[in-house]
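Novice: Oh and the sequence shown: position 201 is 201 in the UniProt record's numbering, straight run, nothing missing.
Quick reminder that beta carbons are idealized off the backbone N, C-alpha and C, glycines included.
So that we are looking at the same thing, I have put the structure below in structure tokens.
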Amino acid sequence: MTYETIKMSIDTRGVATLMLARPQVHNAMNGVMWRELLDAVQALEADGSVRVVVLTGEGQTFCAGGDLGYQQAQGGASLDDRLDEARRFSALLHALDSLSKPLIGRINGAAYAGGFSLISVTDVAIGIDTASFAITEARLGLVPAVMLPFVVRRLGMVNARRLFLTARRFPAAEAVSYGLLHASVPPGALDAAVEDEVAHVLRCGPQALRTIKHLIAQASRHGIDVPHEHTIGQVAAMWDSAEGREGILSYFEKRKPAWTTPA
Numbered sequence: 001m002t003y004e005t006i007k008m009s010i011d012t013r014g015v016a017t018l019m020l021a022r023p024q025v026h027n028a029m030n031g032v033m034w035r036e037l038l039d040a041v042q043a044l045e046a047d048g049s050v051r052v053v054v055l056t057g058e059g060q061t062f063c064a065g066g067d068l069g070y071q072q073a074q075g076g077a078s079l080d081d082r083l084d085e086a087r088r089f090s091a092l093l094h095a096l097d098s099l100s101k102p103l104i105g106r107i108n109g110a111a112y113a114g115g116f117s118l119i120s121v122t123d124v125a126i127g128i129d130t131a132s133f134a135i136t137e138a139r140l141g142l143v144p145a146v147m148l149p150f151v152v153r154r155l156g157m158v159n160a161r162r163l164f165l166t167a168r169r170f171p172a173a174e175a176v177s178y179g180l181l182h183a184s185v186p187p188g189a190l191d192a193a194v195e196d197e198v199a200h201v202l203r204c205g206p207q208a209l210r211t212i213k214h215l216i217a218q219a220s221r222h223g224i225d226v227p228h229e230h231t232i233g234q235v236a237a238m239w240d241s242a243e244g245r246e247g248i249l250s251y252f253e254k255r256k257p258a259w260t261t262p263a
């Protein structure tokens, strides 16, 4: 599919790059971008050859949030149309959050408002140390309702209250301290740092990663109350799985495992 607002590519290793591509407006998101991102994420989910997804932005900004011109236009739309547009953004965040392949954020510049939420649903986020961040909606009298649960989960209640209720801008080092980013690096070191994360993912069993992401989501919702028989069953299945057998055999044979991608 040809996209207007994003770019997508997949290399021979199964590393997909999903790039926000509206640099002329700092990659601000509109309804078209939400639809295209959702379509791309669903395609990557269904593609068995994809091992890991890197999310980034084109140009000097990762994502400035929602396109204010687009949002202003929603004020004259019917309630049903406004609900449909908001549902698209919600569906996108849930699709990114539940993606069964590891999602790595290559945060190439500033992230504000809705752009902040995209980072909040990544599994790993590496950003440049010159980037700045803010949840800016309250300054404009807007309510960041769809993104709020994902951001609160990422930052914790105490940090989320401060950042949502003050709309203050803060640097990359502070983003690391909150857990929004896992690391910040000089701009010239960003690609190497992201590639290091990708390389670590590619060493892991694809089916194991899919199952682990599912179990992490369950643990996030239920804590230690995840049904015991379910986790016990996962261990029993792992011991007899083709991937588990290959991983253990490769250890004893002192070679790299020959992973096959999940169907």
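1) Can you give me the start and stop residues for the alpha helix (DSSP H) that residue 177 sits inside?
2) Buried or exposed for residue 184, going by 16 or more other Cβ atoms inside 10 Å?
3) What number of angstroms, rounded off, separates the C-alpha of residue 264 from the C-alpha of residue 226?
4) As a quick exercise: from 256, 9, 130, pick the residue whose alpha carbon is nearest that of residue 55.
5) Taking all protein chains shown into account, do 16 or more other C-beta atoms lie within 10 angstroms of the C-beta of residue 139, making it buried, or fewer, making it exposed?
6) Check the DSSP bridge columns for residue 56 and list the partner residues they point to.
7) Residue 18: which of 31, 204, 122 sits nearest, CA to CA?
8) At a cut of 8 Å, does the region 53-73 reach the region 107-124 through at least three beta carbon pairs?
9) Have a look at 107, 12, 33 and flag the residue whose alpha-carbon is nearest the alpha-carbon of residue 59.
10) My parser needs the beta strand (DSSP E) runs of 3 or more residues fully inside the region 43-89; what are they?
11) For residue 158, report the span of its alpha helix (DSSP H) as first-last.
Specialist: Well, looking at it:
1) Residue 177 sits at position 177 when you count from the first residue of the sequence shown. Unbroken alpha helix (DSSP H) run through residue 177: 172-178.
2) Taking the sequence shown and counting its residues from 1, one reaches residue 184 at position 184. So residue 184 counts as buried.
3) Outside the modelled stretch of the chain, which goes from 1 to 263, sits residue 264, for which no answer is possible.
4) For this step, residue 55 is matched to residue 55 along the sequence shown. Closest in alpha carbon position to residue 55, among 256, 9, 130, is 9.
5) For the purposes of this step, residue 139 is taken as residue 139 along the sequence shown, with counting starting at 1. With fewer than 16 neighbouring CB atoms inside 10 Å of its own CB, residue 139 falls in the exposed class.
6) Here the question's residue 56 lines up with position 56 in the sequence shown. Its beta-bridge partners are 19, 106.
7) Translated into positions along the sequence shown, residue 18 becomes position 18. The option with the nearest alpha carbon to residue 18 is 122.
8) Yes: at least three Cβ pairs fall under 8 Å.
9) Counted from its first residue, the sequence shown places residue 59 at position 59. Looking at the Cα atoms, 107 is the closest of the given residues.
10) The region 43-89 contains, as complete beta strand (DSSP E) runs of 3+ residues, the segments 52-57, 61-63 (chain order).
11) Along the sequence shown, one-based indexing puts residue 158 at 158. DSSP places residue 158 in the uninterrupted alpha helix (DSSP H) bounded by 157-166.
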